[in-house]
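For reference, the structure is listed below as structure tokens.
In the numbering used here, the protein residues as written are 177 to 452.
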């Protein structure tokens, strides 16, 4: 087998999305190592592919792990920098406000020593402090010179956590889909997508428990759409008398549900914004 043909076949077996994360240099080094095993086309079997595919997948897994680790480290570094920046800003602003206040009110004590405990100047001081607080934190406590920075930092952290959780859920869904299609040989991809979508998945969900649950859902959904003809698992794609038509119905169902979910999300987001 030629080198280019071996690369293309590995890409198909590993998966184009996963294979694409490997650098050209890494692919070249790996394929050069594998080539002797593929010298004779007549001797190539499924077993011949097992080790090369597994090695490539391990490299992909290590790359994604390293990428996630570096992303987490970078996020932590940015959070520390933002925290230090806000702290420095607060300290400098408080020093400036203290100097300004002392300059404007250096004679207040002498002028009020012989006056009643409560005076107009007392009210002035209270109002001045209130104004400074507004400058620092805004009317709502979330804006101003300091409040805005604090809110920006808080929003950044919240969005980072949200993005990380969404990526983890996406990974779990793909693992479940691979489990049904590759390990259990589930025969209908539209029903696979529907079954995975029916699960309540969180970043802390146990993948083994989800596999049991999604397998049960798939079998129920399969029979619901295709009847008892064919087998849900094992690669039999004959389920029902009108398999292709039913596949189309499932896809339409998924599209309609996705659209409804998007509309519901928009409404919830609009409602949430009214309370911000």
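We treat Cβ as the ideally placed atom computed from N, Cα and C, and that holds for glycine.
Contact check, residue i vs residue j, beta carbons under 7 Å
| i | j | result |
| --- | --- | --- |
| residue 213 | residue 224 | yes |
| residue 362 | residue 394 | yes |
| residue 352 | residue 386 | yes |
| residue 379 | residue 349 | no |
| residue 336 | residue 233 | no |
| residue 139 | residue 194 | One cannot answer for residue 139 here, as it falls past the ends of the chain, which runs 177 to 452. |
Cα-Cα separation, residue i to residue j
| i | j | result |
| --- | --- | --- |
| residue 428 | residue 434 | 10 Å |
| residue 270 | residue 257 | 20 Å |
| residue 408 | residue 369 | 14 Å |
| residue 217 | residue 210 | 13 Å |
| residue 372 | residue 439 | 20 Å |
| residue 390 | residue 341 | 20 Å |
| residue 377 | residue 338 | 14 Å |
| residue 360 | residue 229 | 20 Å |
| residue 306 | residue 255 | 30 Å |
| residue 277 | residue 265 | 18 Å |
| residue 400 | residue 200 | 46 Å |
| residue 384 | residue 187 | 28 Å |
| residue 238 | residue 267 | 43 Å |
| residue 441 | residue 432 | 14 Å |
| residue 396 | residue 404 | 10 Å |
| residue 334 | residue 244 | 17 Å |
| residue 179 | residue 367 | 38 Å |
Which of helix, strand or coil DSSP assigns to residue i
| i | result |
| --- | --- |
| residue 415 | Bear in mind that a pLDDT of 47 at residue 415, under 50, signals an unreliable position, so the number given afterwards is only what the model happens to contain. It is coil, neither helix nor strand. |
| residue 364 | coil |
| residue 382 | coil |
| residue 377 | coil |
| residue 178 | coil |
| residue 407 | coil |
Reference residue i, options the options, closest by Cα
| i | options | result |
| --- | --- | --- |
| residue 375 | 359, 276, 244 and 346 | 346 |
| residue 242 | 221, 179, 274 and 198 | 198 |
| residue 231 | 207, 251, 273 and 221 | 207 |
| residue 358 | 185, 191, 180 and 177 | 191 |
- Go through the segment 192 to 252 residue by residue and report every complete run of the alpha helix (DSSP H) that reaches 4 residues or more, in order. With a minimum length of 4 residues, the unbroken runs of alpha helix (DSSP H) contained wholly in the segment 192 to 252 fall at 192 to 195 and 200 to 210.
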